[in-house]
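Enquirer:
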Amino acid sequence: MKDRRTQISILLMAGAQAMLNSTTSIMISSASLVALLLLDTDKSLATVPVTAVVTGTALATIPASYFMKHAGRKAGFLFGILLGMVGAAIAAYSIYVGSFIGFTLGVMIVGTCTAFGNYYRFAAVDVAGPEFRSKAVSYVMAGGLIAGFIGPQIANHTKEVFAPYLYLGPYLAIVGLGVVAFALISFVHIPKMKEVDFDEEPRPLREIMKQPTFILATLSAIIGYAAMSFIMTATPLAIIGCGLTASDSFNVISWHVVAMFGPSFFTGSLITRYGDFKIIFIGAILGLVCIAVALSGLSISHFWIALVLLGVSWNFMFIGGTTLLTKTYKPSETAKVQGFNDFLVFGTVATASLSAGILQQMFGWDVVNISMIPFFGLVAIIALLNIGRKEPAAAPAE
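Numbering (my numbering), first residue to last: 251 to 648.
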């Protein structure tokens, strides 16, 4: 990295990423279980709160991008964190009064916080510069490794603290995580994007989208994230449905989140050495192996191994797609391309998470997994066809 100030800023953003992903893992591991308690009749709606989280993220993604374009990334991150704290407070109160609608609204607002926080990885490129982009993205994403340990464990160990109001504790804990994230971001230095720095007129979005590199980058991020969310959202319901315990579910999700972010310590180096195309291809293949394991049995070890493989698959596909995307646009096109990309990603993820609960309840775990095979296969084929082709040069920094 450039200097000590840059290194500290990257480290602080990694810490904020850890708080963000701890929040997400708390909701992923507990929201559907909370819904089962709050719903009186139709249990197929149990994944609606998880869908609401991702919907909130999708709806806020483009506004968040333009907000940060004009007010700066730091201001956007701080504002997003405050939104998340408000949403968590609403969710906690709704658990107290037994309101499914209120709980869904609360976690949806927390999802808007995620929309802002998802730009940590792009802010890392702003701070580190184009020559260190893959490592900077990886280091910030590696902050999520901590979330694998503390997120689901917070949910597990605080779920009965306010008994008989089960799961009230985890959502109050999210407020505390927001306080920590706010403090960390307060000390980050991020260069502000300025229109006067742009030497070229931005191209129309449709022209940027025609680039083969853009198509692969976006597909990799969309399918990697949507498939991960689809299978992960159904996992707690499948585990409980097999007669295993909520603690088993928390532990499986915990190691899944570790697998999502643990490889980030070396993913950047792998991309630098082998290129984005090969890493994306390996990620898609790992997704197919995950499905093979999931279909081979219903023991806790099958769930554990499958979800670990799914986590690594997401890491390679999402980070590979992110770094590849940054090579497809000019500085003047940053806000609209990043915003559009993340809108596509999280809009698809919202659909996937809602569909997961319905498919799990109606057709079972096997159908959930089999339905993802064509998507992983598609990315694997496109990436394989691109291996050997010269990758685009990195776009200049803002």
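Idealized CB from N, CA, C, for every residue including glycine.
Given the structure is predicted, the values throughout are model-derived calculations rather than measurements.
What separation, rounded to the nearest whole angstrom, lies between the Cα atoms of P402 and V587?
Expert: Stepping through the sequence shown from its first residue, residue 402 is reached at position 152. Stepping through the sequence shown from its first residue, residue 587 is reached at position 337. Cα to Cα, the separation comes out at about 33 Å.
Enquirer: Alpha carbon to alpha carbon, how far is Y316 from F590? Give it in angstroms, no decimals.
Expert: Residue 590 sits at position 340 when you count from the first residue of the sequence shown. Residue 316 sits at position 66 when you count from the first residue of the sequence shown. Going by the C-alpha atoms only, they are around 11 Å apart.
Enquirer: Looking at C-beta atoms only, is the number of pairs between the stretch 273-289 and the stretch 544-564 that lie closer than 8 Å three or more?
Expert: No, they do not touch.
Enquirer: When you compare the CB positions of E457 and S582, do they come within less than 8 Å of one another, or not?
Expert: Here residue 457 is taken as the residue at index 207 of the sequence shown, counted from 1. Here residue 582 is taken as the residue at index 332 of the sequence shown, counted from 1. Going by C-beta atoms, E457 is not nearer than 8 Å to S582.
Enquirer: In angstroms with no decimal places, state the Cα-to-Cα distance between T468 and N368.
Expert: Counting from one through the sequence shown, the residue named residue 468 turns up at place 218. Counting from one through the sequence shown, the residue named residue 368 turns up at place 118. Distance between the alpha carbons of T468 and N368 is about 15 Å.
Enquirer: Hey, out of R255, F568, A431, Y421, whose CA is closest to A341's CA?
Expert: On the sequence shown, position 91 is the one that residue 341 refers to. The candidate whose alpha carbon is nearest that of A341 is Y421.
Enquirer: Since V558 contacts A488 with CB under 8 Å, what's their CB separation in whole angstroms?
Expert: Stepping through the sequence shown from its first residue, residue 558 is reached at position 308. Stepping through the sequence shown from its first residue, residue 488 is reached at position 238. About 16 Å separates the two Cβ atoms, so there is no contact after all.
Enquirer: To test your reading of the DSSP string, which unbroken alpha helix (DSSP H) runs of 4 or more residues are found completely within the stretch 404-443?
Expert: If we require 4 residues or more, the alpha helix (DSSP H) runs fully inside the stretch 404-443 come out as 418-435.
Enquirer: Can at least three beta-carbon pairs, one atom from the stretch 326-336 and one from the stretch 595-604, be found at a separation below 8 Å?
Expert: No, they do not touch.
Enquirer: So L262 and I396 are in contact, right, with Cβ under 8 Å, and what is the actual spacing, rounded?
Expert: Walking along the sequence shown from the start, residue 262 turns up at place 12. Walking along the sequence shown from the start, residue 396 turns up at place 146. Actually they are not in contact, since the Cβ atoms of L262 and I396 sit about 13 Å apart, beyond 8 Å.
Enquirer: Pair every Cβ in the stretch 520-529 with every Cβ in the stretch 619-637, then say whether three or more of these pairs are closer than 8 Å.
Expert: Yes, the stretch 520-529 touches the stretch 619-637.
Enquirer: I need the DSSP call for R453, collapsed to helix, strand or coil.
Expert: Here residue 453 corresponds to residue number 203 of the sequence shown, with the count starting at 1. It is coil, neither helix nor strand.
Enquirer: So P299 and T354 are supposed to be a Cβ contact under 8 Å. How far apart are they, rounded?
Expert: Position 49 of the sequence shown, counting from 1, holds the residue named residue 299. Position 104 of the sequence shown, counting from 1, holds the residue named residue 354. Confirmed, about 5 Å.
Enquirer: Does DSSP classify P513 as helix, strand or coil?
Expert: Taking the sequence shown and counting its residues from 1, the one referred to as residue 513 is at position 263. Residue state, collapsed to three classes: coil.
Enquirer: Is it buried or exposed for V617, if we count other Cβ within 10 angstroms and need 16 for buried?
Expert: On the sequence shown, residue 617 is found 367 positions in, with the first residue counted as 1. By the neighbour-count rule (16 or more Cβ atoms within 10 Å), V617 is not buried but exposed.
Enquirer: Would you call T307 buried or exposed, if buried means 16 or more other Cβ atoms sit within 10 Å of its Cβ?
Expert: By one-based count along the sequence shown, residue 307 stands at place 57. Buried, since its Cβ has 16 or more Cβ neighbours within 10 Å.
Enquirer: Just verifying my parser: in three-state terms, what is the DSSP assignment at D253?
Expert: Residue mapping note: residue 253 aligns to position 3 of the sequence shown, counting from 1. If DSSP states are grouped into helix, strand and coil, D253 belongs with coil.
Enquirer: Please return the same chain residues whose Cβ sits closer than 8 Å to the Cβ of L609, not counting the five positions on each side in sequence.
Expert: For this step, residue 609 is matched to residue 359 along the sequence shown. Correct list, in chain order: A484, V617, V618, S621.
Enquirer: Shortest alpha-carbon distance to S259 belongs to which of R523, I569, I440?
Expert: The residue you call residue 259 lines up with position 9 of the sequence shown. Nearest C-alpha to S259: I440.
Enquirer: One question on the structure: do N406 and F500 come within less than 8 Å of each other, judged by their Cβ atoms?
Expert: Along the sequence shown, read from residue 1 onward, the residue named residue 406 stands at position 156. Along the sequence shown, read from residue 1 onward, the residue named residue 500 stands at position 250. In contact: N406 and F500 (Cβ atoms closer than 8 Å).
Enquirer: What residue range is occupied by the uninterrupted alpha helix (DSSP H) comprising F329?
Expert: As a first step, residue 329 must be located in the sequence shown, where it is residue number 79. From DSSP, the alpha helix (DSSP H) with F329 extends over 323-347.
Enquirer: Provide the residue span of the alpha helix (DSSP H) that contains L559, from first to last.
Expert: Position 309 of the sequence shown holds residue 559. 550-575 is the extent of the alpha helix (DSSP H) around L559.
Enquirer: Taking the alpha helix (DSSP H) that R639 belongs to, which residues open and close that run?
Expert: Position 389 of the sequence shown, counting from 1, holds the residue named residue 639. Element bounds for R639: n/a, residue is neither H nor E.
Enquirer: Count the other CB atoms, across all protein chains shown, that sit within 10 Å of the CB of Y389; report buried if there are 16 or more and exposed otherwise.
Expert: Stepping through the sequence shown from its first residue, residue 389 is reached at position 139. Buried, since its Cβ has 16 or more Cβ neighbours within 10 Å.
Enquirer: For F516, count neighbouring C-beta atoms within 10 Å of its own C-beta (all shown protein chains included) and say buried if the count is 16 or more, exposed if not.
Expert: As a position in the sequence shown, residue 516 is number 266, starting the count at 1. Exposed: under 16 other Cβ atoms inside 10 Å.
Enquirer: Rounded to the nearest angstrom, what separates A285 and I312 at their Cα positions?
Expert: As a first step, residue 285 must be located in the sequence shown, where it is residue number 35. As a first step, residue 312 must be located in the sequence shown, where it is residue number 62. The straight-line gap from Cα to Cα measures roughly 29 Å.
Enquirer: Distance, Cα to Cα, T576 vs D290?
Expert: The count along the sequence shown starts at 1 and reaches residue 576 at position 326. The count along the sequence shown starts at 1 and reaches residue 290 at position 40. Using only the alpha carbons, I get a separation of about 47 Å.
Enquirer: Around the C-beta of M318, are 16 or more other C-beta atoms found within 10 angstroms, so that it is buried, or is it exposed?
Expert: Looking up residue 318 in the sequence shown gives position 68. Buried, because 16 or more other Cβ atoms sit within 10 Å of the Cβ of M318.
Enquirer: For Y346, which residues of its own chain have a beta-carbon under 7 Å away from its beta-carbon, when the five flanking residues on both sides are left out?
Expert: The count along the sequence shown starts at 1 and reaches residue 346 at position 96. Excluding residues within five positions, the ones whose Cβ falls inside 7 Å are Y415, L418.
Enquirer: Assign S282 to one of two classes, buried (16 or more other C-beta atoms within 10 Å of its C-beta) or exposed (fewer than that).
Expert: Translated into positions along the sequence shown, residue 282 becomes position 32. The residue is buried, with at least 16 neighbouring Cβ atoms inside 10 Å.
Enquirer: So, with DSSP's three-state summary, where would you put C363?
Expert: Along the sequence shown, one-based indexing puts residue 363 at 113. DSSP places C363 in helix when its eight states are reduced to three.
Enquirer: According to the Cβ coordinates, are V357 and A302 closer than 8 Å?
Expert: As a working note, residue 357 is residue 107 in the sequence shown. As a working note, residue 302 is residue 52 in the sequence shown. For V357 and A302, yes; Cβs fall inside 8 Å.
Enquirer: How would you label K293, buried or exposed, when you count the other beta carbons within 10 angstroms and need 16 or more for buried?
Expert: As a position in the sequence shown, residue 293 is number 43, starting the count at 1. K293 comes out exposed.
Enquirer: Three-state secondary structure (DSSP) at T468?
Expert: By one-based count along the sequence shown, residue 468 stands at place 218. The answer is helix: DSSP assigns T468 an H, G or I state.
Enquirer: Answer with buried or exposed for D253, where buried requires no fewer than 16 other C-beta atoms within 10 angstroms of its C-beta.
Expert: Walking along the sequence shown from the start, residue 253 turns up at place 3. When all chains shown are included, D253 counts as exposed.
Enquirer: Could you give the first and the last residue of the continuous alpha helix (DSSP H) run that contains A585?
Expert: Here the question's residue 585 lines up with position 335 in the sequence shown. Counting along the chain, the alpha helix (DSSP H) containing A585 begins and ends at 584-612.
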